[in-house]
Amino acid sequence: MSDLAGLYARNAAFAESFDRGDLPIKPNLSTIILTCVDARVDPASFAGIELGDAFVLRNVGARVTEAVALEVSILWTLMAMASGATPSLELVIIEHTACGMARFADPEVAAKVTERFGTEAVVETYAIEDPAEAIRTDIERLRANPIVPSELAVSGHLYDITTGKLSTVVETGPLR
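Number 40 in my numbering belongs to position 48 of the sequence shown; there are no gaps in the numbering.
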């Protein structure tokens, strides 16, 4: 059974009082948030991000993938073209406790995932044994990717789904 009718009903209620159609494409904050698709993890809720505040990227596990590196680089380029100057952007990586990608670190699950996708790359990219270490690994993936601007500021954080608190794992710093 589809939830689509309910989503449209919610949208109708939202649209009735919508008055933000004039928001600029450039966000209010110089921030790109990368976080997980987990339904318990929403930066609008835990960080008070409102419409027009930030670029928000979400994927499974909040992992830095080739696609994320490309998207961050595209956003950087768009902001540079719009302003005519080097952007002042920070990528804020926010992983969370009790992430489903921790299951991929289990050898039995990893074997099944590898069999299903025909490659170990899925497990290598998405498995999270330790969220803090995963954040550090993701920042290293960004550093190693030549298309990601070296001036990009990056920080890493952990959202605790049981307390609602955000904590810093890696302080803000330039990639290179």
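For every residue, glycine included, the Cβ atom is placed at its ideal position computed from N, Cα and C.
Fill in: For SER147, three-class secondary structure by DSSP
To locate residue 147, count along the sequence shown from 1; it is residue 155. Strand at SER147.
Practice prompt. Report the three-state DSSP secondary structure of ARG50 (helix, strand or coil).
Written response: Indexing the sequence shown from 1 puts residue 50 at position 58. If DSSP states are grouped into helix, strand and coil, ARG50 belongs with the strands.
Fill in: Buried versus exposed, by CB contacts within 10 Å (16 or more), LEU81
Start at 1 with the first residue of the sequence shown, and residue 81 comes out as number 89. Buried is the call here.
Discussion item. If we require 3 or more residues per run, which beta strand (DSSP E) segments fall completely within the region 31 to 116?
Written reply: 47 to 51 and 82 to 88
Worksheet item: In whole angstroms, what is the alpha-carbon distance linking PHE96 and ASP14?
Response: Against the sequence shown, residue 96 aligns to sequence position 104. Against the sequence shown, residue 14 aligns to sequence position 22. Their Cα atoms are separated by approximately 43 Å.
Worksheet item: CA-CA distance, LYS104 and GLU8?
Response: On the sequence shown, residue 104 is found 112 positions in, with the first residue counted as 1. On the sequence shown, residue 8 is found 16 positions in, with the first residue counted as 1. Rounded to the nearest angstrom, the two C-alpha atoms are 47 Å apart.
Worksheet entry | Span of the beta strand (DSSP E), counted from its first residue to its last, around LEU26 | For this step, residue 26 is matched to residue 34 along the sequence shown. That run of the beta strand (DSSP E) goes 23 to 28.
Fill in: GLU42, buried or exposed, once every other Cβ within 10 Å from all chains shown has been counted against 16
As a position in the sequence shown, residue 42 is number 50, starting the count at 1. Exposed, because fewer than 16 other Cβ atoms sit within 10 Å of the Cβ of GLU42.
Worksheet item: Given a threshold of 16 other Cβ atoms within 10 Å of its Cβ, counted over all protein chains shown, does ASP130 qualify as buried or as exposed?
Response: In the sequence shown, residue 130 corresponds to position 138, counting from 1. Burial call: buried.
Item to complete: Using 7 Å as the cut-off, classify the Cβ of THR27 as near or not near the heavy atoms of the ligand MN, replying yes or no.
Response: Of the ligands one can find in the structure shown there are none, so the ligand MN has no counterpart to examine.
Worksheet item: Which stretch, first to last residue, makes up the beta strand (DSSP E) that contains THR164?
Response: The residue you call residue 164 lines up with position 172 of the sequence shown. 158 to 166 is the extent of the beta strand (DSSP E) around THR164.
Worksheet entry | Residues near GLY44 in its chain [Cβ-Cβ closer than 7 Å; skip 5 each side] | In the sequence shown, counting from the first residue as 1, residue 44 sits at position 52. Excluding sequence neighbours, GLY44 sits near ARG12, LEU15, PRO19 and ASN20.
Discussion item. Applying the 10 Å Cβ sphere with the 16-neighbour rule, what's the burial state of ALA39?
Written reply: What you label residue 39 is simply residue 47 of the sequence shown in a count that begins at 1. Buried, by the Cβ-count rule.
Worksheet item: Can you tell which of TYR0, ILE120, ASN3 and GLU112 has the C-alpha that lies nearest to the C-alpha of ALA54?
Response: Here the question's residue 54 lines up with position 62 in the sequence shown. Nearest of TYR0, ILE120, ASN3 and GLU112 to ALA54, Cα basis: ILE120.
Worksheet item: For ARG2, does the three-state DSSP call read helix, strand or coil?
Response: What you label residue 2 is simply residue 10 of the sequence shown in a count that begins at 1. Helix.
Worksheet item: Under a Cβ-count criterion, where at least 16 other Cβ atoms within 10 Å of its own Cβ denotes burial, should ILE25 be classed as buried or exposed?
Response: By one-based count along the sequence shown, residue 25 stands at place 33. Buried, because 16 or more other Cβ atoms sit within 10 Å of the Cβ of ILE25.
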